[in-house]
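A.B. asks: First the structure, which I've put down as structure tokens, then a few questions once you've had a look.
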Amino acid sequence: MPMEKTFDAKTAEPRLYKMWEDAGAFKAGANASRDETFCIMLPPPNVTGHLHVGHAFNHTIMDMLTRWKRMQGYDTLWQPGLDHAGIATQLMVEKDLAAKGLPKRTEMGREKFLEKVWEWKAANGGQIEQQARRLGDSMDWSRSAFTMSGAESAPATEKPGNFHDAVLKVFVEMYNKGLIYRGKRLVNWDPHFETAISDLEVENIEVDGHMWHFKYPLAGGETYEYVEKDEDGNVTLRETRDYISIATTRPETMLGDGAVAVHKDDERYAPIVGKLCEIPVGPKEQRRLIPIITDPYPDMNFGSGAVKITGAHDFNDYEVAKRGNIPMYSLMDTKGNMRADGKPYAEEAAIAQAIANGEQDFDEAMIAAMNLVPDEYRGLDRFEARKRVVADITAEGNAVMVPNPAAKGPGAETGTASEDAADRSPGLDPGPQPDVPAMIPFVESKKIMQPFGDRSKVVIEPMLTDQWFVDTAKIVGPALDAVKEGRTKIMPESGEKVYYHWLENIEPWCISRQLWWGHQIPVWYGPDRDYLKDFEAIRSSGSLGVPDRQNSLQYFCGASFSEAKAKAAEYYGEEYKIDELAPSDNPSMFAFGKADAQKQLSLSRDPDVLDTWFSSGLWPFGTLGWPADDEAMKYFPGDVLVTGQDILFFWVARMMMMSEAVLGQEPFHTVYLHQLVRDAKGEKMSKTKGNVIDPLDMIDAYGADALRFSNAQMAALGGVLKISEDRIKGYRNFGTKLWNAFSFAEHYDIPYPGDAARLDATQTLNKWIIGETGKVRETIDAAMEAYRFNDAADALYAFTWGKVCDWYLEFSKPILQGDDAAAKAETEQTLRWVLDQCLILLHPIMPFITEELWQQADSRAKMLVHADWPTYTAADLVDADADREMNWVIDLIDNVRSARAQVHVPAGAKVPLLVSGLDAKGQSAWDNNHVLIQRLARIESLSHVDDFPKGCVTIPMEGGTFGIPLADLIDVAEEIARLEKTMQKLGKELGGLRGRLNNPKFIESAPDEVVAEAKANLALRENEEAQLKAAIARLAEIG
RNA sequence: GGGUGAUUAGCUCAGUUGGUAGAGCGCUUCCUUUACACGGAAGAUGUCGGGAGUUCGAGCCUCUCAUCACCCA
């Protein structure tokens, strides 16, 4: 059956993929002929994910590497899988429930909800794995892993796996080594999902905000002399004040203030340091007084120089509060509303005051339980509370006032504030009024950086909560060393600097999440022994749990309850019978009972789950069966990690730390980082902008190979990735070109029995193309080894199109049509060999079209996907004489064509060719190849002459000057112009060369080979120049 | 504010220890010549962001300025 006109990617790609998959072509170890392994771990996409251009890009790279190594006979594994993606998945399923009108998550309860998540996963999850097949990814699908495999909640219908075991084992081991701890710290809290999130899951976005200026009156009506000076020490303001002025962007957090801080060098406030001031909000009778302290944190030049310290709601304040042992009062609940729990405000405020006065001791748990939100604000949304607080303070006259720019009058120039950027808070705008007030509250409009949840898009609230942390400072060392000592290399190199910078300043990693979908933390809580002294009293009082005494908790960590129970039994002694408190939505911390002769103690499991990245940090070995003794562990450590640079910290650094901490080894020797894939203009793709390119659309339109080639071609190390449909289209055309090269072979009835062997060629053109093939194979391997995929792609393109199609196939025509049977046979076989090499070398980038063409042979030893990657070198295959000769031929043809076109010789016309002073080499090159030259340059005949006739186009060549006599056709002026233009270009080059060679310092300092090259070049150019001069002179005679 | 990178042909980008600039697309002209119009042939276009320095020699190294992008505060 004759070949189709073009490759039909739409039908062929699924067919070919099925063939490979059915044959097990991608399985771990398939086609292995040596022991060395090559392993790439696919960065697991979210189970909710879909293939986007970023995946398409890095999959192409991973697949190129994998296919390349597999063809080289390595024992390869490209390990696929999915990430359970805690927040994203939980969100997706909750939306799904809402859309179907089913009960909410909180209504159905944990167990039922997890069932729904697994159901959702079975029905909708992992679509990306089907989409990846369309790209041609050669992953071992039979090994596809899931970060929640083997979890307690997993239904029996799920594919078995033990990733959960790995997660629990690592947690327990790290806990036992003291690398994981529980603590009360300020964390980023997402009020939408009601969970803590890590620093990396927060996006800081600049938004329009306001800075309010308020007065905190001094206790007891005390006053002081407030003096402001300019840079030269001249007094610019002096007044008596009975307050300290505070600037804040978050007035609602004033309720939790524990102090006001000023810099110790700030002379303005020196008189009042150590005194108390009043928080100007809340019921007048219970105004809290807080101390004025010094700390290095306040910036004297920013705002008033005085900062309110709210340790529980701001990261900077938190550090100040820790340093100064300032109580940190939490004001909000998990939804970001003002707290409504605890005792009435009057009671709480009285205790707080006693603490501030130093009359009462306090501890963390006690402070945490206190609710200092005044009764009238309790339960309010945080932003609503802000408005109310601002309004109340202003109404009471404690807002700093400035002249109203809208009010014209003599009063406009007075006022205490030096800033002039005052405006009115939108929330306070009274609207058009007949009488404009002369003074208004001082509210600056300014850009502020506000934290948003990257999933929820709501404003993140710093919250003081009990969370689990990895003590990253303790495990970061080996991960740093691995890169510093070169055991792991990050490409491009700039990534290493960024990596160091982050790891050297690493913060503790908050790993607990208040979610349900994820690995539940394997820790059970019980009371400490001290607490149990009162066992009988507590039991008989019926009290359950100790939420107000968290400090007396005891943790029992184990991979299962029985492990934890064993630890608990040891801790509590034989008099206790230990069991597990049934999980419920709102568990007590533990419970007591009496069972026979024993005291009964029920422990509860921590309801939180682990950060998704904790489990993905184990991906490099958790996918290989660890902790079981699995044969697949031979693939650890893997080789290359290919991923976007945006998850260098999220994931790469954590894999490094976790692999080092658990297995004492770095998980890969190379990290290949790439940038975000953007649109053709370099803009981020987003749904709102409408510039999203769907890789599947590109595959539909141009085939996967074209998309892949485009990806490979733009994979310059560290480069900006701009995907362009025009380019993809261009590489589709490239595929067609390759296709047509095979049509060519078919057209000339060249036999295609199967794997073509390389001949020791006798024909110059065959020797030449074999040498070119050797060169390009080396270029490609060198490029691949250096991760310079764009160089590999460019080399393949230039070879296939520019060498094989443009020249070799054209050169072969006269022989294929000729009578020299031996030459014909040799050329036929060489042509088949060269085309086979194109398929092999292109296969890692363009797997589909190459396999399809490969299968056209009558029989093959192996599928192309398993074909042997060549090892021949340029040194083996290049014949220097053939190389020189063919390049001379190509040069001559180019020059004749160019001359013809410029003097408008009709394309079809055959012209005679003259030559003068042809040397022996030139003569022999002509003799060997005149058929090719005559055909491709449309030459009728060659005659030797001593002098060119008048009106002759001149073509200077190495070894002789050629000419085309065109007396009738030639436009003398035009030809002179052409030659002069060439002379000009030549002149520039000659100038440079002569300049260099005439400079004695160049001769002295430049390396010998550079000097020799310059000299040879000069001789060549000078010869050319002479020929051109002669030609111009000849033309001048006619003109 | 800190960090990283970028600025090369009309557009999008390469350019690997400093040796005198390239590709694709687009554009112009010609060509349906039996592999291919998703093609062939020919052609035009760059003070390599500005300035200074090191060097025999700088797109590449150093400094500086300008503009832009991204990451982290």
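Heads up: the first sequence begins at 42 in the numbering used here, then just goes up one per residue. Where is the CB? At the ideal position from N, CA and C, for every residue including glycine.
Take Ser497 and list the residues in its own chain whose beta-carbon comes closer than 7 Å to its own, dropping the five residues that flank it on each side.
C.D. replies: As a working mapping, residue 497 is identified with position 456 in the first sequence. Excluding residues within five positions, the ones whose Cβ falls inside 7 Å are Asp231, His233 and Phe234.
A.B. asks: Are the CB atoms of Val937 and Ile886 within a distance shorter than 8 Å?
C.D. replies: As a position in the first sequence, residue 886 is number 845, starting the count at 1. As a position in the first sequence, residue 937 is number 896, starting the count at 1. Result no, Cβ atoms of Ile886 and Val937 do not sit closer than 8 Å.
A.B. asks: Going by CA-CA distance only, name the one from Leu933, Ala940 and Asp988 that's closest to Gly958.
C.D. replies: Taking the first residue of the first sequence as 1, we reach residue 958 at position 917. Checked all of Leu933, Ala940 and Asp988; the closest Cα to Gly958 is Asp988.
A.B. asks: Give the DSSP-derived three-state secondary structure of Asn245 in the structure shown.
C.D. replies: By 1-based counting over the first sequence, the position of residue 245 is 204. Correct three-state label for Asn245: strand.
A.B. asks: Leaving aside the five residues before and after Ile1017 along the sequence, list all residues of the same chain whose C-beta is less than 8 Å from its C-beta, in chain order.
C.D. replies: Your numbering for residue 1017 matches position 976 in the first sequence. Around Ile1017: Ile1073, Leu1076, Ala1077 and Gly1080.
A.B. asks: Grouping DSSP H, G and I as helix and E and B as strand, with all else coil, what is Glu454?
C.D. replies: The residue labelled residue 454 in the question sits at position 413 within the first sequence. Residue placement at Glu454 is flagged as unreliable, the pLDDT there being 38, under the threshold of 50; a coordinate-derived value is accordingly withheld.
A.B. asks: So, with DSSP's three-state summary, where would you put Leu1076?
C.D. replies: As a position in the first sequence, residue 1076 is number 1035, starting the count at 1. Three-state result, Leu1076: helix.
A.B. asks: Along the chain, where does the beta strand (DSSP E) that runs through Trp230 open and close?
C.D. replies: Taking the first residue of the first sequence as position 1, residue 230 is located at position 189. Counting along the chain, the beta strand (DSSP E) containing Trp230 begins and ends at Ile221 to Asp231.
A.B. asks: Going by C-alpha distance, which of Ala139, Asn969, Leu905 and Tyr370 is nearest Glu293?
C.D. replies: As a first step, residue 293 is located in the first sequence; it is residue number 252 there, counting from the start. That would be Tyr370, whose Cα lies nearest to the Cα of Glu293.
A.B. asks: Could I get the ranges of all uninterrupted beta strand (DSSP E) runs contained in the region 346-426, with 3 residues as the minimum, in chain order?
C.D. replies: Runs found: 347-350.
A.B. asks: If we ignore side chains and look at the alpha-carbon of each, how far apart do Leu138 and Pro144 end up?
C.D. replies: Taking the first sequence and counting its residues from 1, one reaches residue 138 at position 97. Taking the first sequence and counting its residues from 1, one reaches residue 144 at position 103. C-alpha separation (whole angstroms): 7 Å.
A.B. asks: On the DSSP bridge list, what partners appear for Ser239?
C.D. replies: Here residue 239 corresponds to residue number 198 of the first sequence, with the count starting at 1. In DSSP, Ser239 forms no bridge with anything.
A.B. asks: Let me make sure I understand the geometry here. Which of Gly315, Met927 and Pro990 has the alpha-carbon closest to that of Val956?
C.D. replies: For the purposes of this step, residue 956 is taken as the residue at position 915 of the first sequence. It is Pro990.
A.B. asks: Who are Lys270's beta bridge partners in DSSP?
C.D. replies: For the purposes of this step, residue 270 is identified with residue 229 of the first sequence, where counting begins at 1. According to DSSP, which records beta bridges pairwise, Lys270 is partnered with Val276.
A.B. asks: Using 8 Å as the Cβ pair cut-off and three pairs as the minimum, do the region 343-362 and the region 384-391 touch?
C.D. replies: The region 343-362 is not in contact with the region 384-391.
A.B. asks: Could you check the C-alpha separation between Gly663 and Ser74 for me, to the nearest Å?
C.D. replies: Here residue 663 refers to the residue found at position 622 when the first sequence is read from its first residue. Here residue 74 refers to the residue found at position 33 when the first sequence is read from its first residue. C-alpha separation (whole angstroms): 27 Å.
A.B. asks: Would you list the residues sitting across from Ser984 in a DSSP beta bridge?
C.D. replies: Position 943 of the first sequence, counted from the start, is the residue given in the question as residue 984. Answer by DSSP bridge pairing, in chain order: Leu955.
A.B. asks: Residues in the same chain with beta-carbon distance under 6 Å from Pro953, minus the five sequence neighbours each way, listed in chain order, please.
C.D. replies: Here residue 953 refers to the residue found at position 912 of the first sequence. The residues are Glu981 and Ser982.
A.B. asks: May I ask you to report which of helix, strand or coil DSSP gives Glu1066?
C.D. replies: As a position in the first sequence, residue 1066 is number 1025, starting the count at 1. In this structure, Glu1066 counts as helix in the three-state DSSP scheme.
A.B. asks: Determine the burial state of Ala948: buried for a count of at least 16 other Cβ atoms within 10 Å of its Cβ, exposed for fewer.
C.D. replies: Numbered from 1 along the first sequence, position 907 holds the residue referred to as residue 948. By the 10 Å Cβ count, Ala948 comes out exposed.
A.B. asks: Given Ala387, which residues of its chain have a CB within under 8 Å of its CB, disregarding the five upstream and five downstream residues?
C.D. replies: Translated into positions along the first sequence, residue 387 becomes position 346. Excluding residues within five positions, the ones whose Cβ falls inside 8 Å are Pro324, Glu326 and Gln327.
A.B. asks: In angstroms, rounded to a whole number, what distance separates the CA positions of Leu1034 and Pro1041?
C.D. replies: Translated into the one-based positions of the first sequence, residue 1034 becomes position 993. Translated into the one-based positions of the first sequence, residue 1041 becomes position 1000. Taking the straight line joining both Cα atoms gives about 13 Å.
A.B. asks: Which value, in whole angstroms, describes the spacing of the CA atoms of Thr198 and Val158?
C.D. replies: As a working mapping, residue 198 is identified with position 157 in the first sequence. As a working mapping, residue 158 is identified with position 117 in the first sequence. Between Thr198 and Val158, the C-alpha separation is close to 13 Å.
A.B. asks: Less than 8 Å between the beta carbons of His560 and Ala192, yes or no?
C.D. replies: Within the first sequence, numbered from 1, the residue matching residue 560 stands at position 519. Within the first sequence, numbered from 1, the residue matching residue 192 stands at position 151. Contact: yes.
A.B. asks: Consult DSSP for Ala302 and reduce its assignment to one of helix, strand or coil.
C.D. replies: The residue labelled residue 302 in the question sits at position 261 within the first sequence. Note: Ala302 maps to strand in three-state DSSP.
A.B. asks: Among residues of its own chain, excluding the 5 on either side of Met105, which ones have a beta-carbon nearer than 7 Å to its beta-carbon?
C.D. replies: As a position in the first sequence, residue 105 is number 64, starting the count at 1. Same-chain partners within the cutoff: Ala753, Phe830, Pro885 and Ile886.
A.B. asks: Is it right to say Gly963 is buried, meaning 16 or more other beta carbons lie within 10 angstroms of its own, or is it exposed?
C.D. replies: Sequence index remark: in the first sequence, residue 963 carries index 922 (1-based). The residue in question, Gly963, is buried, as its Cβ has 16 or more Cβ neighbours within 10 Å.
A.B. asks: Check Trp557 in the structure and name its three-state DSSP category.
C.D. replies: Translated into the one-based positions of the first sequence, residue 557 becomes position 516. Reduced to three states, the DSSP call for Trp557 is coil.
A.B. asks: Measure from the alpha carbon of Ser939 to the alpha carbon of each residue in Ile996, Ala966, Trp895 and Tyr257, then state which is nearest.
C.D. replies: Counting from one through the first sequence, the residue named residue 939 turns up at place 898. The shortest Cα separation from Ser939 among Ile996, Ala966, Trp895 and Tyr257 belongs to Ile996.
A.B. asks: In whole angstroms, give me the CA-to-CA distance for Pro385 and Ala410.
C.D. replies: Within the first sequence, numbered from 1, the residue matching residue 385 stands at position 344. Within the first sequence, numbered from 1, the residue matching residue 410 stands at position 369. One C-alpha to the other measures close to 12 Å.
A.B. asks: Can you round the beta-carbon distance between Gln641 and Lys675 to whole angstroms, since I take them to be within the 8 Å contact cut?
C.D. replies: Against the first sequence, residue 641 aligns to sequence position 600. Against the first sequence, residue 675 aligns to sequence position 634. Not really, about 49 Å apart at Cβ, beyond 8 Å.
A.B. asks: Rounded to the nearest angstrom, how far is the Cβ of Val208 from that of Phe510, given a contact under 8 Å?
C.D. replies: Translated into the one-based positions of the first sequence, residue 208 becomes position 167. Translated into the one-based positions of the first sequence, residue 510 becomes position 469. Between Phe510 and Val208 the Cβ distance is about 16 Å, and since that is not below 8 Å, they are no contact.
A.B. asks: How many angstroms separate the CA atom of Val414 from the CA atom of Arg380?
C.D. replies: Taking the first residue of the first sequence as 1, we reach residue 414 at position 373. Taking the first residue of the first sequence as 1, we reach residue 380 at position 339. One C-alpha to the other measures close to 7 Å.
A.B. asks: By Cβ distance, which residues of its chain are closer than 8 Å to Leu1027, with the 5 residues on each side in sequence left out?
C.D. replies: As a working note, residue 1027 is residue 986 in the first sequence. Same-chain partners within the cutoff: Arg1062, Glu1065, Glu1066 and Leu1069.
A.B. asks: Who are the near neighbours of Pro258 in its chain, counting only those whose CB is closer than 8 Å to its CB and skipping five residues on each side?
C.D. replies: Locating residue 258 in the first sequence gives position 217, where the first residue counts as 1. If we look at Pro258 and ignore the five residues flanking it on each side, its Cβ neighbours are Asp283, Tyr284, Cys318, Glu319, Pro321 and Asn439.
A.B. asks: Between the alpha carbons of Pro794 and Ala66, how many angstroms are there, rounded?
C.D. replies: The count along the first sequence starts at 1 and reaches residue 794 at position 753. The count along the first sequence starts at 1 and reaches residue 66 at position 25. Their Cα atoms are separated by approximately 23 Å.
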